[in-house]
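Following: one structure in structure tokens, then a few remarks.
There are 2 protein chains.
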Amino acid sequence: MARRGDTIELAVLGLLHEGPMHGYELRKRLNLMLGWGRVLSYGSLYPALKKMLRANLITEVSTTTTPTSRRPRIVYEVTPAGNEQFQRLMSEVGPTAWEDDNFDIRFAFFSSTDMEIRLRVLEGRRSRLQERLARVQAELARTQAEVDRYAGELQRHGVESVEREVRWLSDLIRAERGDEGPATAPATKPVGTD
Amino acid sequence: MARRGDTIELAVLGLLHEGPMHGYELRKRLNLMLGWGRVLSYGSLYPALKKMLRANLITEVSTTTTPTSRRPRIVYEVTPAGNEQFQRLMSEVGPTAWEDDNFDIRFAFFSSTDMEIRLRVLEGRRSRLQERLARVQAELARTQAEVDRYAGELQRHGVESVEREVRWLSDLIRAERGDEGPATAPATKPVGTD
DNA sequence: GTTAGCATGTAAGGAGTTACATGATTTT
DNA sequence: AAAATCATGTAACTCCTTACATGCTAAC
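Written out as structure tokens, the structure is:
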């Protein structure tokens, strides 16, 4: 079962899926990818790589092929076992918190999986969001007038944001089913109900 | 300077600002308030309360006044020092990550501060979001076509969401300046540029 | 009478950050 | 020549979660 800490593992396997890379570059790519907020520190990346080496998910590749005679960098490559693990982490159904925390990463690597898994991840996220939406809206109805102005405004904005994301997911699911990848632009147009 | 762990402290002080409460109730209110995602566990709440007691930010209040003869609950009340700390945490300018992590909590307690602080918090958040937006869009322009379909779609959606939040913040700032609290509905209307 | 919710706490462990340590290479 | 960036790592520390431990009260 997927644990909290498997996030870095998933991200590293996903990036290495595109080709060999060394630690420093992995960190840079990761920080661009997950640019919205948190950055990953070396203090967690390097130990994670060591752990993955021991688990035989990745292997070191000699850098001697580099023509420009740079300083020795440790380039990693994904093993067959690593690819298996990647597919497992991409598709596994775990606790809500884990799946929500890793949705973005999974999405970013959608090209490296098949449609079946993409649909499961998208639909899973949508149903979790809808469930929460229902709970929050029930709560809102129950406590109606007694909420603070600002707290209420925050709730309202939160609900609206989640509703948008649900519509976005619905568009993507439709596109996926219609077999034409993510829609390139129409997310702002009225798309009817979900 | 505000540390990462001051989040619970801020939230507890904010809730107690509305009146005395015991731990169990604090947790419930908090989990409703921050309903979008993570829940706070007893394992972090109770030790935090103990720590705040020692720091003299809150005090225990005897529950003997309760008429229904319930089991003894430990009801906490905020001290003058606690109120000072609350105002400090509400207004303090810290590292980006801290301010971003705590924006929602600060917003939810806006009624307990004055307009000066509300404006500073709202404008601070808006400028941080705009800065990130600029960075990401520059990055998007630089790497144009070479991005993966799904990774690109994720970026696009992220930019759109942040742009929405910037408009929301601008509405709130305008309302705050016009002295009429948060707008009750017009967030979906076109509001021009920021 | 037993399940569900109220109520408070502790201990162990996970995951990641910050700060430290080191040194090569490229740019200014 | 200095500053920035490339590049890899370790140690200490922080914050939080999970799991455990305990017992009362209300509802079914």
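Chain order of the listed sequences is A and B. In case it helps, my numbering puts the first sequence at residues 111 to 304. In case it helps, my numbering puts the second sequence at residues 111 to 304. For every residue, glycine included, the Cβ atom is placed at its ideal position computed from N, Cα and C. This structure is a prediction, so every number in the text was calculated from the model and none was measured.
Measuring only the C-alpha atoms, how far is residue i from residue j?
{"i": "residue 251 of chain A", "j": "residue 265 of chain A", "result": "12 Å"}
{"i": "residue 272 of chain A", "j": "residue 246 of chain A", "result": "11 Å"}
{"i": "residue 142 of chain B", "j": "residue 188 of chain A", "result": "43 Å"}
{"i": "residue 235 of chain B", "j": "residue 227 of chain B", "result": "12 Å"}
{"i": "residue 135 of chain B", "j": "residue 268 of chain B", "result": "35 Å"}
{"i": "residue 222 of chain A", "j": "residue 231 of chain A", "result": "13 Å"}
{"i": "residue 132 of chain A", "j": "residue 248 of chain B", "result": "25 Å"}
{"i": "residue 284 of chain B", "j": "residue 229 of chain B", "result": "10 Å"}
{"i": "residue 240 of chain B", "j": "residue 154 of chain A", "result": "29 Å"}
{"i": "residue 192 of chain B", "j": "residue 112 of chain B", "result": "15 Å"}
{"i": "residue 233 of chain A", "j": "residue 244 of chain A", "result": "16 Å"}
{"i": "residue 225 of chain A", "j": "residue 200 of chain A", "result": "12 Å"}
{"i": "residue 270 of chain A", "j": "residue 125 of chain A", "result": "33 Å"}
{"i": "residue 197 of chain A", "j": "residue 170 of chain A", "result": "21 Å"}
{"i": "residue 259 of chain B", "j": "residue 182 of chain B", "result": "59 Å"}
{"i": "residue 342 of chain A", "j": "residue 263 of chain B", "result": "Here chain A covers residues 111 to 304 and nothing more, so residue 342 of chain A does not appear."}
{"i": "residue 367 of chain B", "j": "residue 214 of chain A", "result": "Beyond the ends of chain B as shown, which are 111 and 304, falls residue 367 of chain B; an answer cannot be given."}
{"i": "residue 115 of chain B", "j": "residue 172 of chain B", "result": "28 Å"}
{"i": "residue 237 of chain B", "j": "residue 164 of chain A", "result": "44 Å"}
{"i": "residue 152 of chain B", "j": "residue 137 of chain B", "result": "8 Å"}
{"i": "residue 146 of chain A", "j": "residue 186 of chain B", "result": "37 Å"}
{"i": "residue 130 of chain A", "j": "residue 160 of chain A", "result": "16 Å"}
{"i": "residue 205 of chain B", "j": "residue 212 of chain B", "result": "11 Å"}
{"i": "residue 253 of chain A", "j": "residue 144 of chain A", "result": "36 Å"}
{"i": "residue 190 of chain A", "j": "residue 184 of chain A", "result": "19 Å"}
{"i": "residue 282 of chain B", "j": "residue 274 of chain A", "result": "20 Å"}
{"i": "residue 150 of chain A", "j": "residue 157 of chain A", "result": "12 Å"}
{"i": "residue 194 of chain B", "j": "residue 209 of chain B", "result": "19 Å"}
{"i": "residue 318 of chain A", "j": "residue 261 of chain B", "result": "Absent from the structure is residue 318 of chain A, since the part of chain A shown begins at 111 and ends at 304."}
{"i": "residue 257 of chain B", "j": "residue 128 of chain A", "result": "12 Å"}
{"i": "residue 280 of chain A", "j": "residue 288 of chain B", "result": "38 Å"}
{"i": "residue 276 of chain B", "j": "residue 242 of chain B", "result": "11 Å"}
{"i": "residue 278 of chain A", "j": "residue 168 of chain A", "result": "35 Å"}
What residues of chain B sit near residue i, judged by a beta carbon separation below 9 Å?
{"i": "residue 249 of chain A", "result": "142, 145"}
Quick one: using the 10 Å Cβ neighbour count with 16 as the cut-off for buried, is residue i buried or exposed?
{"i": "residue 176 of chain B", "result": "Summary for residue 176 of chain B: the model assigns pLDDT 46, below 50, so the residue's position carries little reliability, and this model does not support an answer."}
{"i": "residue 162 of chain B", "result": "buried"}
{"i": "residue 216 of chain B", "result": "buried"}
{"i": "residue 166 of chain B", "result": "exposed"}
{"i": "residue 207 of chain B", "result": "exposed"}
{"i": "residue 117 of chain A", "result": "buried"}
{"i": "residue 179 of chain B", "result": "The predicted model places residue 179 of chain B with a pLDDT of 48, which falls under 50 and marks its position as unreliable; any figure quoted below should be read in that light. That one is exposed."}
{"i": "residue 203 of chain B", "result": "exposed"}
{"i": "residue 122 of chain B", "result": "buried"}
{"i": "residue 148 of chain A", "result": "exposed"}
{"i": "residue 119 of chain B", "result": "buried"}
{"i": "residue 286 of chain B", "result": "buried"}
{"i": "residue 174 of chain B", "result": "The pLDDT assigned to residue 174 of chain B is 49, lower than 50, so where the model puts this residue is not dependable, and the model offers no usable value."}
{"i": "residue 300 of chain A", "result": "Its pLDDT being 47, under 50, residue 300 of chain A is placed unreliably in this model, and the value from its coordinates should be taken loosely. Per the 10 Å Cβ criterion, exposed."}
List the residues of chain B whose Cβ lies closer than 7 Å to the Cβ of residue i, in chain order.
{"i": "residue 246 of chain A", "result": "145"}
Short-range partners of chain B found in the region 200-213 of chain A, where Cβ spacing is below 8 Å: 207, 210
Short-range partners of chain A found in the region 256-272 of chain B, where Cβ spacing is below 9 Å: 258, 259, 260, 261, 262, 263, 264, 265, 266, 267, 268, 270, 271, 272
Proximal residues, the region 216-229 of chain A versus chain B, C-beta separation under 7 Å: 217, 218, 220, 221
Every unbroken beta strand (DSSP E) within the region 124-167 of chain A, with a cutoff of 3 residues, ordered by chain: none
Secondary structure, alpha helix (DSSP H): runs of 4+ residues fully inside the region 208-267 of chain A: 213-218, 225-253
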